[in-house]
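Chemist: Next up is a structure, given as structure tokens.
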Amino acid sequence: MTQPGLIGQVKRPIGVFDSGVGGLSILKALRTELPFEDFVYVADSGYAPYGERDEGFVITRSRTIARYLQDHDRLSIKALVIACNTATAAAVHLLREDDPALPIIGVEPALKPAVALSHTKRIGVMATRGTLASRKFKALRDSLAGQAEFICQPCDGLADAIERDETSKIIALCADYTGAIGQFGLKKDQIDTLVLGCTHYPFASHHLQTLVGPEVRLVDNGEPVARQTRRVLPLLANSGQLGKLVLLSTGNPDALQAAAKRWLDVNVNVQRLTS
Ligand code: DGL
1 MTQPGLIGQV KRPIGVFDSG VGGLSILKAL RTELPFEDFV YVADSGYAPY
51 GERDEGFVIT RSRTIARYLQ DHDRLSIKAL VIACNTATAA AVHLLREDDP
101 ALPIIGVEPA LKPAVALSHT KRIGVMATRG TLASRKFKAL RDSLAGQAEF
151 ICQPCDGLAD AIERDETSKI IALCADYTGA IGQFGLKKDQ IDTLVLGCTH
201 YPFASHHLQT LVGPEVRLVD NGEPVARQTR RVLPLLANSG QLGKLVLLST
251 GNPDALQAAA KRWLDVNVNV QRLTS
């Protein structure tokens, strides 16, 4: 019996989505880890940001995009990566219930890797309000109780400023939020590790690193998610030919096109999605 996605047979892409351009930070790691796979990326920029919306809104958008990626006859994804911490927290369990046969990989703030890296065991966490308020995040934090102190900062407006590429606003918000988290450094009682718990934030990492100092470790989840995707994928493409990339946006296609050029160094025509 033929199984779609097997070597030498019709290739099916891996779907990836985020509220906007942030998930490109995950897509970059995915394309490095799985260079022969085809990817289709949806930026839900027409409905971004997710982080300050209610859970029901994020669930509805996540379901709409997941269904589109599965049902569209020319896409028909073989796996789904939710490249968004906020959407993962709100909807990963529901999307898995909707289609138990589809491998679905979510992202969560990299608290566990941060505990392993930190010496002072004081860890800053920047994430959206939605992620930090979620049951999923609470369970993750509780599972690490006693291993480190987490100072969690909701970063209203930061994903949106990154989405719009508003440099002075990005710098001002990063300064406000790192200032609110506390004293960074390697000394006892200082915060030596900063978790970037939203996939947009790696695109502000140069500003953040300048603000917290060069010795502080910034931790995101691109590479762990890419490795996890390799582990759970039953059928890997192995054609020897680099995979193709389709980019779709529910918002301004030019913004995604510019971000893909800037962050992934790819020139792909972005198609407008009206879902
Ligand atoms: N990039 C998303 C995340 O990882 C969401 C940002 C937003 O839309 O607020 O949470």
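First residue of the sequence shown? That's 1 in my numbering, and the numbers climb one at a time after it. By construction, the Cβ of each residue, glycine as well, lies at the ideal position given by its N, Cα and C atoms. As the structure is a computational prediction, the values presented were derived from the model and not from experiment.
In terms of residue numbering, what span does the beta strand (DSSP E) encompassing V42 cover?
Modeler: Where V42 is concerned, the enclosing beta strand (DSSP E) stretches over 39 to 43.
Chemist: Should D18 be listed as close to ligand 1, given that the test is whether its C-beta is under 7 angstroms from any heavy atom?
Modeler: Answer for D18: yes, Cβ within range of ligand 1.
Chemist: Please report the distance separating the alpha-carbon of L132 from that of C152.
Modeler: Going by the C-alpha atoms only, they are around 8 angstroms apart.
Chemist: CB-CB under 7 angstroms to T88, same chain, minus the five flanking residues each way: which ones, in chain order?
Modeler: I82, G106, V107, E108.
Chemist: Pick out whichever of L242, N252, S205, V92 has its Cα sitting closest to the Cα of G56.
Modeler: Measuring from the Cα of G56, the nearest candidate turns out to be V92.
Chemist: Should P100 go down as buried or exposed, given a rule of 16 or more other Cβ atoms within 10 Å for buried?
Modeler: With fewer than 16 Cβ atoms within 10 Å of its Cβ, P100 is classed as exposed.
Chemist: What whole-angstrom Cβ distance do V125 and Q147 have, given they're in contact under 8 angstroms?
Modeler: Wrong, their Cβ atoms sit about 14 angstroms apart, outside the cutoff.
Chemist: In whole angstroms, what separates the C-alpha of M1 from that of L95?
Modeler: Unreliable positioning characterises M1 in this predicted model, as indicated by a pLDDT of 33, which lies under 50. A coordinate reading is not provided.
Chemist: Between A258 and ligand 1, is the CB less than 7 angstroms from at least one heavy atom?
Modeler: Checking every heavy atom of ligand 1 against the Cβ of A258, none is found closer than 7 angstroms.
Chemist: Going by DSSP, what residues sit across from T193 in a beta bridge?
Modeler: T193 is bridged to I123, R217.
Chemist: Could you tell me the boundaries of the beta strand (DSSP E) in which A79 lies?
Modeler: Looking at the DSSP string, the run of the beta strand (DSSP E) that includes A79 is 79 to 82.
Chemist: Sorry if obvious, but does the Cβ on H200 come closer than 7 angstroms to a heavy atom of ligand 1?
Modeler: Indeed, a heavy atom of ligand 1 lies less than 7 angstroms from the Cβ.
Chemist: Assuming A43 contacts S249 under a Cβ cut-off of 8 angstroms, what Cβ separation, rounded to an integer in Å, is found between them?
Modeler: Indeed they touch by this definition, with Cβ atoms about 4 angstroms apart.
Chemist: Say yes only if the C-beta of G22 is nearer than 7 angstroms to one or more non-hydrogen atoms of ligand 1, and no if none qualify.
Modeler: Checking the Cβ of G22 against ligand 1 gives yes.
Chemist: State yes or no: is the C-beta of G51 nearer than 7 angstroms to some heavy atom of ligand 1?
Modeler: Correct: G51 has its Cβ closer than 7 angstroms to ligand 1.
Chemist: Out of K121, A172, L144, V232, state which residue places its alpha-carbon closest to the alpha-carbon of V216.
Modeler: With distances taken between Cα atoms, V216 lies closest to K121.
Chemist: What whole-angstrom Cβ distance do S275 and Y41 have, given they're in contact under 8 angstroms?
Modeler: S275 to Y41, Cβ: 14 angstroms. No contact.
Chemist: Can you give me the Cβ contacts of G5 inside the same chain, cut-off strictly under 6 angstroms, excluding the 5 residues immediately before and after it?
Modeler: The predicted position of G5 is uncertain, since its pLDDT is 38 and thus under 50; a value taken from the coordinates is nonetheless stated next. Once the five neighbours on either side are set aside, the close Cβ partners of G5 are R12, K78, L235.
Chemist: If you drop the 5 nearest sequence neighbours on each side, which residues of the same chain put their C-beta closer than 6 angstroms to that of G213?
Modeler: Cβ neighbours of G213 beyond the five flanking positions: F184.
Chemist: Say the cut is 7 angstroms; is the CB of C174 nearer than that to a heavy atom of ligand 1?
Modeler: It does not: the Cβ of C174 is nowhere closer than 7 angstroms to a heavy atom of ligand 1.
Chemist: DSSP puts T16 in a beta bridge; with which residues?
Modeler: In the sequence under discussion, the amino acid at residue 16 is Val, which differs from the Thr named in the question. Looking at the DSSP assignment, V16 forms a beta bridge with Y41, V81.
Chemist: Going by DSSP, what residues sit across from L245 in a beta bridge?
Modeler: Looking at the DSSP assignment, L245 forms a beta bridge with F39.
Chemist: Using 8 angstroms as the threshold, is the stretch 20 to 37 in touch with the stretch 245 to 263, meaning 3 or more CB pairs across them?
Modeler: At 8 angstroms Cβ cutoff, the stretches touch.
Chemist: Kindly give me the distance between the Cβ atoms of I104 and L80, rounded to whole angstroms, as I take these residues to be in contact under 8 angstroms.
Modeler: Contact flag correct, Cβ pair sits at about 5 angstroms.
Chemist: Considering only residues of the stretch 123 to 183, which uninterrupted beta strand (DSSP E) runs meet the minimum length of 3 residues and lie entirely inside it, listed in chain order?
Modeler: Runs of the beta strand (DSSP E) inside the stretch 123 to 183: 149 to 154.
Chemist: Taking buried to mean at least 16 other C-beta atoms within 10 Å of its own C-beta, is S143 buried or exposed?
Modeler: S143 should be labelled exposed.
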